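According to full-length UniProt numbering, the sequence shown is numbered sequentially starting from 1.
Every residue gets a Cβ at the ideal spot worked out from N, C-alpha and C, and that includes glycine.
Please read all numbers here as calculations on a predicted model, not as lab measurements.
First comes the structure, then the notes that go with it.
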Amino acid sequence: MDPHALLAQSRLFAGIASTALDALARCTTICGFRSGESVFAIGSPADCIYVVATGRLRVENADGSLRGEVGMLECVGEVAILGGNARSAQVYAVRDSYLLRIGRDDLLAFLQDHPDVLLRLTQMIISRLQARPTPSALAAANRPRCITLLPVTPTIDLHAIAERMRDTLAECGDVRIVDGPSVDRSLGRGASQMAPGLASEGKLVQHLHSAERVHRHLIYLADRVPSSWTDRCLRQCDRVMVVVDARTPPTLTPMLDELRSLNLRVPVELVLLCPADASAENVLLWRELCGARTHYLLRPDVPRDAESLARSISGRALGLVLGGGGARGFAHIGLLRALHELRLPLDVLGGTSMGAFISALTACGYDWRQVLEITRDTFVEHRLLNDYLLPRVALIRGRKFYRHLQKLFGERRIEQLRTPFYCVSTNLTRGQPVVHDRGPLALWVATSMAIPGVAPPVVWRGDLLVDGAIVNSLPTDIMQSLERGPIIASDVSTEGALAMPGVEGPDPDAVLRWAPLRPHEGRRPSLISILFRTATLTSESGVAARAARADAYLRLPVSGIAMFDWDKLDDVAQRGYEFAMQELPKLEGRLRACPI
């Protein structure tokens with residue numbers, strides 16, 4: 001490792017005279033930090049800066065939130081040096097890293113002799129202080145370049161998974177699969193098993209470092225059993241994908257023991273190999289054993305599953321968020337049709353109220369035609385929302401509708417869906433949204449659709465849960481937090497939906513006796529529409545902020561459609577289709593683009 005060459009390539013010292021860099025290089029020390037090891041602690045003295053030679057660092061605020069990441073040839077620690085303050089952030093190595101350390105006194109002496117570097121350093125500091133990390137910037141910082149596939153059981157074929165992932169990842173840049181045998185072929189027999197920390201491992205480190213500089217993504221394949229190479233893969237990556245056969249009973253294995261013992265500080269995710277005829281009933285137990293933050297279901301013989309996984313890892317997975325709005329939500333079905341015709345694959349789904357119902361059907365694997373017919377059967381043919389009762393708690397019991405959902409979705413659980421899905425309800429007791437990404441699908445979809453005053457609340461842990469649209473009618477914030485990729489938001493709310501044109505007022509009896517003279521003037525506001533509009537005012541006031549989180553925001557044309565206009569299913573769906581086919585092609589490039 002040549003300090004002079006590394007300094008010459010860094011942004012801070014590039015262009016400095018060779019003799020000056022020689023002098024600075026003699027003042028540097030090469031320091032190694034293992035994955036998860038602290039580089040700077042909050043409150044520690046500002047005694048040096050580091051330039052990253054290999055590896056990756058993460059910078060966190062005192063509350064643990066991400067401030068940013070520091071990659072190869074970037075420096076860290078300069079703000080505290082010039083400000084004369086203690087460290088204000090926690091910095092640790094995301095993966096095994098080698099850093100060039102430059103002491104404070106040596107750096108200040110060098111800056112006195114080279115004011116142009118001082119100016120450049122000052123500009124960098126000002127830029128960092130002025131920059132506010134946006135959600136998209138933080139998502140980009142979290143996006144992995146080096147991924148490790150870790151088999152929990154020795155029968156798993158990682159190569160087949162990696163090759164299918166590579167084909168999709170390669171759409172945005174070169175991808176290389178790295179395993180022990182390929183390293184041995186390049187560096188000699190046994191090179192891959194060089195234990196971390198040995199002085200002789202430099203050749204292996206340089207080999208992997210060179211590969212990362214050439215390729216956009218590296219996919220590391222761990223050995224089938226714990227080994228020095230497996231340890232190397234885990235310490236060298238930005239994300240660990242634990243691969244499990246869903247038919248295997250959850251149990252601690254030597255590989256999981258190895259993963260736990262390293263105390264890594266990179267995200268761990270679970271990939272369950274789950275053939276079409278197998279169930280994923282143990283997914284939550286496997287997640288707990290692995291310490292995984294999320295999971296993916298992968299059919300080994302279905303290429304599109306591995307393609308969706310690769311899109312999620314690389315920040316290109318397409319998420320669809322469907323808003324609530326009763327019969328106006330039928331327009332979402334037209335959007336689904338347009339997405340199908342434009343060949344835009346959906347990788348993650350979420351919704352509220354009617355949007356929860358339609359996105360849940362889609363997550364179950366139904367295409368837009370099937371969703372249309374199921375919706376017709378539910379709301380038009382059978383009109384299941386008519387089991388009225390004396391309105392002490394609500395206008396209807398909701399039992400017919402819930403039994404229908406149970407029949408429709410069966411025993412499906414949200415965490416077992418092949419397409420990730422969530423829906424949102426409102427905790428009426430606490431005034432907070434509740435995100436449902438696990439548990440009985442029928443129950444939580446019904447809860448997300450329980451309009452207060454119309455259907456009874458669902459009681460859960462002593463609290464009352466109702467329609468999610470009360471606090472979050474368009475849950476793009478939940479989708480954005482998943483950091484999977486671009487978001488399409490479909491909004492079917494209508495501004496000024498309750499109105500009585502032609503009545504000047506004030507007239508307290510006008511609503512009771514008003515009858516429109518012409519059809520286009522609409523109808524008298526109903527009790528249900530007034531209840532729903534009143535309940536969702538707070539949520540609709542935040543639609544603009546939630547829309548801003550989407551990469552493609554579509555406000556579908558649903559004016560003139562009342563909340564319970566079930567008979568207008570085909571008209572509303574056609575409106576949504578025509579509008580989406582007009583607008584989506586303009587946004588298609590943004591939705592398919594490779595992230596920077």
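Distance, Cα to Cα, Val321 vs Ser353?
Along the sequence shown, read from residue 1 onward, the residue named residue 321 stands at position 321. Along the sequence shown, read from residue 1 onward, the residue named residue 353 stands at position 353. Taking the straight line from one Cα to the other gives about 11 Å.
Close Cβ partners of Val117 (< 8 Å) along its chain, the five nearest in sequence each way excluded
Numbered from 1 along the sequence shown, position 117 holds the residue referred to as residue 117. Hits under 8 Å: Leu12, Phe13, Ile16, Phe110 and Leu111.
Please name the residue, chosen from Ser312, Glu171, Ser35 and Thr426, that lies closest to Ser481 on a Cα-to-Cα basis.
As a working note, residue 481 is residue 481 in the sequence shown. It is Ser312.
Val91 versus Ala41 - alpha carbon distance:
Stepping through the sequence shown from its first residue, residue 91 is reached at position 91. Stepping through the sequence shown from its first residue, residue 41 is reached at position 41. Looking at the two C-alpha atoms, the distance is approximately 7 Å.
Nearest residue (CA-CA) to Leu405, options Arg484, Ser473, Ala450 and Asp301:
To locate residue 405, count along the sequence shown from 1; it is residue 405. Looking at the Cα atoms, Ala450 is the closest of the given residues.
Skipping 5 residues on each side, what residues in its chain have a beta carbon closer than 6 Å to that of Arg438?
Taking the sequence shown and counting its residues from 1, one reaches residue 438 at position 438. For Arg438, where only same-chain residues beyond five positions count, the Cβ hits under 6 Å are Ile414 and Glu415.
For the beta strand (DSSP E) that Gln574 lies in, which residues bound it at each end?
Here the question's residue 574 lines up with position 574 in the sequence shown. Counting along the chain, Gln574 falls outside any beta strand (DSSP E), though it belongs to the alpha helix (DSSP H) covering Leu569 to Arg592.
Report the partner residues of Thr54 according to the DSSP bridge assignment.
As a working mapping, residue 54 is identified with position 54 in the sequence shown. According to DSSP, which records beta bridges pairwise, Thr54 is partnered with Tyr98.
Only counting runs of 4 or more residues, tell me where the alpha helix (DSSP H) segments fall wholly within the stretch 37-87, in order along the chain.
78-83
Under a CB-based cut-off of 8 Å, is Leu252 close to chain C?
Of the protein chains in this structure there is only one, and it is not chain C.
Could you check whether Asp491 and Leu554 sit closer than 8 Å to each other, using their CB atoms as the reference points?
For the purposes of this step, residue 554 is taken as residue 554 along the sequence shown, with counting starting at 1. For the purposes of this step, residue 491 is taken as residue 491 along the sequence shown, with counting starting at 1. Contact: yes.
Coil, strand or helix - Met124 by DSSP:
Here residue 124 refers to the residue found at position 124 when the sequence shown is read from its first residue. Reduced to three states, the DSSP call for Met124 is helix.
Ala211 - containing alpha helix (DSSP H), residue span:
What you label residue 211 is simply residue 211 of the sequence shown in a count that begins at 1. First-last of the alpha helix (DSSP H) with Ala211: Gly202 to Val214.
Can you tell me which of the three DSSP states Ser490 falls into?
In the sequence shown, residue 490 corresponds to position 490, counting from 1. The three-state secondary structure of Ser490, taken from DSSP, is strand.
Thinking just about the alpha-carbon of each residue, which of Leu270, Val459, Pro115 and Val76 is nearest to the one in Gly103?
Here residue 103 corresponds to residue number 103 of the sequence shown, with the count starting at 1. Considering only alpha carbons, the answer is Val76.
Contacting residues, own chain, Cβ-Cβ under 7 Å from Ala573 (five flanking each side not counted):
Your numbering for residue 573 matches position 573 in the sequence shown. Cβ within range, chain order: Phe330, Ala331, Ile333, Gly334 and Leu372.
State whether the stretch 264-282 contacts the stretch 168-178, with contact taken as three or more CB pairs (one from each stretch) at a distance under 8 Å.
no
Span of the beta strand (DSSP E) holding Pro433?
As a first step, residue 433 must be located in the sequence shown, where it is residue number 433. That run of the beta strand (DSSP E) goes Gln432 to His436.
Roughly how many angstroms separate the alpha carbons of residue 604 and Ser227, rounded to a whole number?
With the chain represented from 1 up to 596, any question about residue 604 goes unanswered, as that position is not in the structure.
Is the number of C-beta pairs between the stretch 281-288 and the stretch 243-253 that are closer than 8 Å three or more?
yes
Leaving aside the five residues before and after Phe357 along the sequence, list all residues of the same chain whose C-beta is less than 7 Å from its C-beta, in chain order.
The sequence position of residue 357 within the sequence shown is 357, counting from 1. So the qualifying residues of the chain are Val445 and Met449.
Name the residue from Val459, Arg58, Gly324 and Thr28 whose alpha carbon lies nearest to the alpha carbon of Leu428.
Taking the first residue of the sequence shown as 1, we reach residue 428 at position 428. Nearest Cα to Leu428 within the set Val459, Arg58, Gly324 and Thr28: Val459.
With H, G and I counted as helix, E and B as strand and the rest as coil, what does DSSP make of Arg239?
Taking the sequence shown and counting its residues from 1, the one referred to as residue 239 is at position 239. Three-state result, Arg239: strand.
Beta strand (DSSP E) runs wholly inside the stretch 254-341, at least 3 long, in chain order:
Complete beta strand (DSSP E) runs here, min 3: 268-273, 295-298 and 319-322.
Mapping the DSSP letters down to three states, classify Pro3 as helix, strand or coil.
Locating residue 3 in the sequence shown gives position 3, counting from the first residue. Looking at Pro3 - three-state DSSP - the assignment turns out to be helix.
Using a Cβ distance threshold of 8 Å, determine whether the stretch 291-310 contacts the stretch 456-472, with at least three qualifying pairs required.
no
Assuming Cys31 contacts Arg95 under a Cβ cut-off of 8 Å, what Cβ separation, rounded to an integer in Å, is found between them?
Counting from 1 along the sequence shown, the entry for residue 31 is found at position 31. Counting from 1 along the sequence shown, the entry for residue 95 is found at position 95. Contact doesn't hold; Cβ gap of about 15 Å is too wide.
With distances taken from CA atoms, which of Leu417, Gly325, Asp347 and Lys407 is nearest Met563?
Within the sequence shown, the letter at position 563 stands for residue 563. Comparing Cα-Cα distances from Met563 to each of Leu417, Gly325, Asp347 and Lys407, the minimum goes to Gly325.
Spatially closest choice to Leu349 from Tyr366, His207 and Cys146, by CA coordinates:
By 1-based counting over the sequence shown, the position of residue 349 is 349. With distances taken between Cα atoms, Leu349 lies closest to Tyr366.
Going by DSSP, which residues form a beta bridge with Leu149?
Position 149 of the sequence shown, counted from the start, is the residue given in the question as residue 149. Per DSSP, Leu221 and Met241.
Through-space distance from Thr426 to Gln432, alpha-carbon basis
Counted from its first residue, the sequence shown places residue 432 at position 432. Counted from its first residue, the sequence shown places residue 426 at position 426. Cα to Cα, the separation comes out at about 6 Å.
Three-state secondary structure (DSSP) of Ser425
Here residue 425 corresponds to residue number 425 of the sequence shown, with the count starting at 1. If DSSP states are grouped into helix, strand and coil, Ser425 belongs with the strands.
Here's a check: name, in chain order, each residue in its chain whose Cβ is nearer than 8 Å to the Cβ of Arg216, leaving out the five neighbours to either side.
The sequence position of residue 216 within the sequence shown is 216, counting from 1. Arg145, Leu169, Cys172, Gly173, Asp174 and Val175, listed in sequence order.
Determine the burial state of Gly576: buried for a count of at least 16 other Cβ atoms within 10 Å of its Cβ, exposed for fewer.
Your numbering for residue 576 matches position 576 in the sequence shown. Flag for Gly576 reads buried.
Nearest-angstrom Cα distance between Glu588 and Ser186?
On the sequence shown, position 588 is the one that residue 588 refers to. On the sequence shown, position 186 is the one that residue 186 refers to. Cα to Cα, Glu588 sits roughly 42 Å from Ser186.
In terms of residues, what are the limits of the beta strand (DSSP E) holding Thr29?
As a first step, residue 29 must be located in the sequence shown, where it is residue number 29. Its beta strand (DSSP E) spans residues Thr28 to Phe33.
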